[in-house]
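Working notes, structure below.
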């Protein structure tokens, strides 16, 4: 798929999809600076996908909110068919609100709200209260296939659990 978003101040949006889950100063990840209180990145595919979950990684020395340690942060996942006109121009597929920490390199999982509509475009929006900018190290999106969440193919898949194992949409 092709990637898009506005977290490009310290490089291209590809940093959010390069398989590297650790970012910091000076090994920058995706970033949108002052006076940013939100930022987004996502992927468009030729074939629609059903969103299962996302794992979002912040920087290991700033979290998701630059200088916002202890601030409220919300991760929102949106989907639509076609290019969004703005960062909330889609259907909300899941969200997670938490207190941002200095080290967010362990990743935060945003689950699906149960919407099984397939979309050609899925993106994550980071919303901050406080801080100086928006930081992201990596965004990994997972899809539901054949109506049942499927595992990644490497290593060889194990049978789905009762809760299911989603398949990564984009993972290097």
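Numbering (this note's numbering), first residue to last: 31 to 202.
Note that CB positions come from ideal geometry on N, CA and C, so glycine has one too.
Open item on the list: I'd like to know whether the C-beta atoms of residue 51 and residue 168 end up nearer to each other than 8 Å.
Closed with: yes
TODO: With a 10 Å radius around its C-beta and 16 neighbouring C-beta atoms as the bar for buried, classify residue 105 as buried or exposed.
DONE: buried
Task: Bridge partner(s) assigned by DSSP for residue 168 - done: 87
Task: Backbone secondary structure at residue 43 - three-state DSSP - done: helix
Task: residue 53 versus 154, 68, 96, 78, residue with shortest Cα-Cα distance - done: 96
TODO: Count the other CB atoms, across all protein chains shown, that sit within 10 Å of the CB of residue 42; report buried if there are 16 or more and exposed otherwise.
DONE: exposed
- [ ] Please report the residue range of the beta strand (DSSP E) in which residue 51 lies.
- [x] It is not in any beta strand (DSSP E) - residue 51 carries neither H nor E in the DSSP assignment.
Open item on the list: Counting C-beta neighbours from all protein chains within 10 Å, is the total for residue 146 16 or more, i.e. buried, or is it exposed?
Closed with: exposed
TODO: Consult DSSP for residue 192 and reduce its assignment to one of helix, strand or coil.
DONE: Residue confidence is low: residue 192 scores 33 on pLDDT, short of 50, so the model does not pin down where it sits. Its coordinate-derived value is still stated next. In the structure shown, residue 192 sits in coil (DSSP, three-state: anything other than H, G, I, E or B).
Open item on the list: My output table needs one value for residue 107: the three-state DSSP class, helix, strand or coil.
Closed with: strand
Open item on the list: I'd like to check one pair, residue 124 with residue 143: are the Cβ atoms closer than 8 Å?
Closed with: yes
- [ ] Alpha carbon to alpha carbon, how far is residue 45 from residue 56? Give it in angstroms, no decimals.
- [x] 14 Å
Open item on the list: Rounded to whole angstroms, what is the Cα-Cα separation between residue 194 and residue 175?
Closed with: Residue confidence for residue 194 is low, a pLDDT of 44 falling below 50, so the modelled location carries little weight and cannot support an answer.
Open item on the list: So, under 8 Å CB-CB, residue 86 and residue 137 are touching, yes? Tell me the CB distance rounded to an integer number of Å.
Closed with: 6 Å
- [ ] Label residue 49 either buried or exposed according to how many other C-beta atoms from any shown protein chain fall within 10 Å of its C-beta, with 16 as the threshold for buried.
- [x] exposed
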